[in-house]
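With the numbering used here, the residue at position 59 of the sequence shown is 498, and numbering never jumps.
Here a beta-carbon is modelled for each residue, glycine too, at the ideal position from N, C-alpha and C.
As the structure is a computational prediction, the values presented were derived from the model and not from experiment.
Structure first, commentary second.
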Amino acid sequence: MLPKNRPPTHPGEMLLKEFLEVGGITQTEFARHLNWPYARLNEIINGKRGVTPDSALAIGEALRTGPEFWLNLQRDWDLWHSLRDHRTVPPLKIRSKRAISA
Numbered sequence: 440m441l442p443k444n445r446p447p448t449h450p451g452e453m454l455l456k457e458f459l460e461v462g463g464i465t466q467t468e469f470a471r472h473l474n475w476p477y478a479r480l481n482e483i484i485n486g487k488r489g490v491t492p493d494s495a496l497a498i499g500e501a502l503r504t505g506p507e508f509w510l511n512l513q514r515d516w517d518l519w520h521s522l523r524d525h526r527t528v529p530p531l532k533i534r535s536k537r538a539i540s541a
C-alpha cells in the first residue's frame, strides 16, 4: 500500500541506508562489485536514476534479496509521484459482454 502523506522510500535510499551503510560497504566498493560505473550507482542512490529490471537483477543477486524487492520499491516510488499530477479518468462503459471462447 502506498503511503498517503509522504513519498515511499526511493530504492536508492533503501540501498544506501539499509544495506550499504549497515554492511560497511562504500558506494565505490559496491559499484566495483557490480562492475558498474560509480556514477550509475550514485545516481540511483541519490534518486536521480530509477532502478531498471537489469539493475534490479544485479543488486538483487549481489545482496541476495531478489530483483522483485527493488522493482517493487521503484514501482511504488513511480506510482506515488505519478498520482500527484494524475487527472482522474472516468471508467469506460462497456456496451456488451462477449463470451470468452476456449
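Residue i vs residue j beta-carbon contact at 9 Å
i: Glu452; j: Ile498; result: no
i: Trp509; j: Ser494; result: yes
i: Pro492; j: Pro506; result: yes
i: Gln513; j: Gly489; result: yes
As assigned by DSSP and simplified to three states, the class of residue i
i: Trp509; result: helix
i: His520; result: helix
i: Gly486; result: coil
i: His472; result: helix
i: Met440; result: coil
i: Ser494; result: helix
i: Lys456; result: helix
i: Arg514; result: helix
Residue burial classification, residue i (beta-carbon count within 10 angstroms, cutoff 16)
i: Pro446; result: exposed
i: Leu455; result: buried
i: His449; result: buried
i: Val528; result: exposed
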